[in-house]
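The structure appears below as structure tokens.
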Amino acid sequence: MKAPTANAAEASSAGDNNGYQTTPGNAAALDGLFAVDTDSGTNTSTSCTDNGKDKHRFYNYNFSIPAGSTIKGVTVRLDAKVDSTSGSPKICVQLSWNGGTTWTTAKSTATLGTSVQAFTLGSATDTWGRTWSVNDFSNANFRVRIIDVAGSTSRDFSLDRLAVQVDY
């Protein structure tokens, strides 16, 4: 599994437009240090695609996939928690192959708990609804978008690690 080396909050149509506003780079390693999204979102919708939800992009995974490989699946692992389970908080994930212009359909975790849990989305045989090329995983193209969703704007999301594995 590879960790991102760069990130940026979505600053338009993304809740309060600040994503993981506290130490987002901490999502690169499972070490008990957290990227934190405090008081996430601007409404109580529980839809992954609602514009009132905080969003954050992670990228530059430095994949090394041999030319001509067939992509068989993509797995995303999240290690995360929240301050309270009120509002059924979850994290939704989308993948982009063109620098964030287009996104896959979102996949979501189960309800997060107040202790760190590992969540796996996708698998070695799950292509997230599309056919991938090797070039889609270049640092210029591949993005992971994290969307924090809860039926409360008081939730604080803490992300200890985000990692991606590409099977080919």
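Start counting the sequence shown at 923; every next residue gets the next number (the working numbering). Note that beta-carbon positions come from the ideal geometry of N, C-alpha and C, so glycine has one too. No experiment lies behind these values; they were computed from the predicted model shown.
Can you check which of these residues, the options, is closest to residue i by C-alpha distance?
{"i": "N965", "options": "G947, N939 and R979", "result": "N939"}
{"i": "T1033", "options": "N1020, T1023 and K1012", "result": "K1012"}
{"i": "K924", "options": "A936, T944, C970 and A949", "result": "A949"}
{"i": "P926", "options": "T1042, L952 and A936", "result": "L952"}
{"i": "S1076", "options": "T1047, N1061, G963 and A1046", "result": "G963"}
{"i": "N1020", "options": "F1041, Y981 and G990", "result": "Y981"}
Which first and last residues belong to the beta strand (DSSP E) in which residue i is found?
{"i": "Q1039", "result": "Q1039 to G1044"}
{"i": "A1002", "result": "G995 to V1004"}
{"i": "K977", "result": "K977 to Y981"}
{"i": "K1012", "result": "K1012 to S1018"}
{"i": "A957", "result": "A957 to D959"}
Helix, strand or coil for residue i? Go by DSSP, reduced to three states.
{"i": "D1058", "result": "helix"}
{"i": "S1035", "result": "Ser is not the amino acid found at residue 1035; the sequence shown has Gly there. Note: G1035 maps to coil in three-state DSSP."}
{"i": "N948", "result": "helix"}
Below 7 angstroms CB to CB, which residues in the same chain sit around residue i once its five sequence neighbours on both sides are set aside?
{"i": "G1091", "result": "Here the chain covers residues 923 to 1090 and nothing more, so residue 1091 does not appear."}
Rounded C-beta distance between residue i and residue j? I'm assuming under 8 angstroms.
{"i": "V1066", "j": "V998", "result": "6 angstroms"}
{"i": "F956", "j": "L1084", "result": "Contact doesn't hold; Cβ gap of about 11 angstroms is too wide."}
{"i": "G937", "j": "G974", "result": "6 angstroms"}
{"i": "T1070", "j": "F1079", "result": "Here residue 1070 is Asp; the residue named in the question, Thr, does not match the sequence. The pair is a contact, with the Cβ atoms about 5 angstroms apart (cut-off 8 angstroms)."}
{"i": "I993", "j": "T1049", "result": "7 angstroms"}
Output needed for residue i: all residues of its chain with C-beta closer than 8 angstroms, excluding positions within five of it in sequence on either side, in chain order.
{"i": "T1036", "result": "K1003, V1004, D1005, S1006 and T1007"}
Can you list, in chain order, the residues of its chain whose CB lies under 6 angstroms from that of residue i, leaving out five sequence neighbours each side?
{"i": "Q1016", "result": "W1025, T1026, A1028 and R1067"}
{"i": "V1038", "result": "D1001, K1003 and D1082"}
When you compare the CB of residue i with every CB in chain D, is at least one pair closer than 7 angstroms?
{"i": "F1064", "result": "Protein chain content of the structure displayed is limited to a single chain, and chain D is not contained in it."}
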